[in-house]
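What follows is a single structure, written as structure tokens, with notes after it.
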Amino acid sequence: MLFPVHQFSVYRSQILYTRLDDQLQVSRVYGFDPKTNKHRILYEASDNAFVDLSLARDKSAVIISVSNDSQSETLIYDGQMTSLGKGDYIAECMNGIYIVRDNKLFLNNQLLFDPKDKLLLNVVLTTRYALLTLSKNLERQFLVLDLKSLDVRELILPFPMASVDHQFLVPPEENKARLVFSHPLLIESRVEVNLETLETDVTSWRPLGMDLEKYEMERLWIGDGVKIPATLVRERGATQRPCIVQGYGAYGEPMEPRFRLDHAYLLKQGWSICLAHVRGGNELGKQWHQSGRQMHKQNSISDFVSVSEHLKNSGIAKHLYGVGASAGGLLVAAAVNQKPDLYKGYILRVPFLDPYTTLLEKGPLAGSEASEWGDIHDPQVRTYIHSYSPLQQLKKTPAKCLISLGTEDQRINNAHTLSYVHKKQQLGDHVLLKQWNRGHISHTVAFEELAAECDFLLACDSQS
């Protein structure tokens, strides 16, 4: 029998799976018994929650993670559904239940590790060891915890400002893990770690045709009050260059400094690249997200403007070009509305340009988006969202605009994007719309899209 699924795990004789509902959310866990050919609901989350499931490493249970607003819950299914309680969890089963609660690592409610003033970002478990990734002020630290003796050793790796993905290697008895690093000057470095000896095996891929000694990557902390972190990549000591400023600042998702082909190309053309880690992401923890969501959304926009103004006023940038995707498109478009003369151009990829109407329409996404942007039916919230919503606040600007939308996008209402384009045309602004046969998230490198964006930026900067 065939049926559409979003995720699934095979547990003993059952198949546990999730599927998208009419609101494009995953709120239920189903069980399917191939012997009886019957489906049943094993778990149903509350409104506006999202469910994720995975098979435990020791295959003793299925781990179900439920996120709702700024809170999460973890459940274990081993024939019975058991909740581990509410909080911020990373959970795994490996001869017991390992959970991260309140930024501390526990085994069956026994405290194993407390990172003190650092953020515990990730835990990779093997039979004997845990590889812990910590962060403070965006600087990563890697520790290896002996699960028996609780001794802790530091793993020194030469990637202080790179993004990192974590992978466990099987079988877990070999006590090995893999870390995958990337940053704008590094395509990828795969580091296999022997957690017993701390020996590493590193394989790296670097961009061809770039003299990497010519470039520098540095962390900036910008602002007089709240310091906004930014990652700047440029030719060493370069000033008065065209500069991309990219941001996201929503849903507690970080703006990771990963390698991108378009960034590498623009660096070779003498451009500078800046990633603005504005409030609304989680780069500095939960509070960083909280201070950039709902009735604090203007903080994200103000942060982006502050980073942009610093680049211009310090002489790092001659011309500024904002770039944002999805909710980052809202960020950039709102910043251009509020500072129409600051940017020479901007690019919006599958942008979320009308939160005001989206939340009022009560259509797909309205419920899930309310947890990030606020309850539109509250008059105070409605007025606040209207005050920064890019479509409602659109103003004439000399900045040229390129917008990309996906014809198969189910996350963004393309009608709102087209309304934004039409309104800009009525204002007499320069706007270019590109439509691509893709969904909201592209899982492959779209060379045509990258080429179109680079052509747009180079053409903008060549004009006085």
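Sequential numbering of the sequence shown, starting at 317, is according to this note's numbering. Cβ coordinates follow ideal geometry from the N, Cα and C atoms, glycine included. Keep in mind the model is a prediction, meaning the values are calculated, not measured.
Subject >> T555 versus L528, E534, N353, A633, residue with shortest Cα-Cα distance >> reply: A633
Subject >> Top-ranked residue by Cα proximity to G586, from I663, R609, P558 >> reply: P558
**OP:** Indicate the three-state DSSP secondary structure (helix, strand or coil) for G563 in the structure shown.
**Re:** strand
Original post:
Between the beta-carbon of G539 and the beta-carbon of P570, is there less than 7 Å?
Top reply: no
**OP:** Specify the secondary structure class of I786 as computed by DSSP and reduced to three states.
**Re:** Since the displayed the chain opens at 317 and closes at 780, residue 786 lies outside it and no answer follows.
Original post:
Can you tell me whether DSSP reads V480 as helix, strand or coil?
Top reply: strand
Original post:
Residues in its own chain within less than 7 Å of L514 by CB, not counting five upstream and five downstream?
Top reply: V460, R469, L471
Original post:
Mind checking whether V321 and R335 have CB atoms under 7 Å apart?
Top reply: yes
**OP:** State the DSSP-derived secondary structure class of A775, mapped to helix, strand or coil.
**Re:** helix
Subject >> Euclidean distance between Cα positions of H355 and I560 >> reply: 51 Å
Subject >> R609 (DSSP reduced to helix, strand or coil) >> reply: coil
Original post:
Taking just the CA atoms, how far does V480 sit from E532?
Top reply: 19 Å
**OP:** Between the Cα of N491 and those of L502, M410, N419, spot the shortest distance and give me the residue it belongs to.
**Re:** M410
**OP:** Quick one: grab the DSSP three-state call for L582.
**Re:** helix
Original post:
Going by beta carbon distance, what residues of the same chain come within less than 7 Å of M317, once the five residues before and after it are set aside?
Top reply: Because the pLDDT of M317 is 49, which lies under 50, any placement of that residue in the model is unreliable, and the number read from its coordinates should be weighed accordingly. N353.
**OP:** Taking G645 as part of the alpha helix (DSSP H), name the residues at either end of that continuous run.
**Re:** 643 to 654
Original post:
Taking the alpha-carbon positions, what's the P656 to E688 distance?
Top reply: 26 Å
Original post:
Under the three-state reduction of DSSP, which class applies to Q323: helix, strand or coil?
Top reply: strand
Original post:
In chain order, what residues of the same chain lie with their CB nearer than 6 Å to the CB of V392, ignoring the 5 residues before and after it?
Top reply: It is worth fixing the name first, because residue 392 is Ile in this sequence and not Val. So the list reads A377, T398, once near-sequence residues are dropped.
**OP:** Return yes when the Cβ of L591 is within less than 7 Å of the Cβ of Q610, no when it is not.
**Re:** no
Original post:
Leaving out the 5 sequence neighbours to the left and right, which residues in its chain are closer than 6 Å to V326 when beta-carbon positions are compared?
Top reply: none
**OP:** Tell me whether K711 is buried or exposed, calling it buried when 16 or more other Cβ atoms sit within 10 Å of its Cβ.
**Re:** exposed
Original post:
What residue range is occupied by the uninterrupted beta strand (DSSP E) comprising T673?
Top reply: No beta strand (DSSP E) holds T673; the alpha helix (DSSP H) holding it covers 671 to 677.
**OP:** Indicate whether L669 and A649 have their beta-carbon atoms separated by less than 7 Å.
**Re:** yes
Subject >> In DSSP terms, what Q426 is bridged to >> reply: L423
Original post:
With respect to the alpha helix (DSSP H) encompassing K739, which residues constitute its N-terminal and C-terminal limits?
Top reply: 730 to 743
Subject >> Inter-residue spacing [alpha-carbon to alpha-carbon] between T723 and L734 >> reply: 12 Å
**OP:** Consult DSSP for Y405 and reduce its assignment to one of helix, strand or coil.
**Re:** coil
**OP:** Specify, as a first and last residue, the run of the alpha helix (DSSP H) that R469 falls within.
**Re:** No alpha helix (DSSP H) holds R469; the beta strand (DSSP E) holding it covers 468 to 471.
Original post:
Would you report the Cα separation of K584 and M526, rounded to the nearest angstrom?
Top reply: 7 Å
Original post:
Does the pairing of the region 656 to 667 with the region 619 to 629 give three or more beta-carbon distances under 8 Å?
Top reply: yes
Subject >> Residue from Q614, D404, H693 whose Cα sits closest to the Cα of Q654 >> reply: Q614
Original post:
Quick one: what does DSSP say F475 is sitting in, helix, strand or coil?
Top reply: coil
Original post:
If we ignore side chains and look at the alpha-carbon of each, how far apart do E512 and A446 end up?
Top reply: 10 Å
Original post:
Going by beta carbon distance, what residues of the same chain come within less than 6 Å of F484, once the five residues before and after it are set aside?
Top reply: V440, A493
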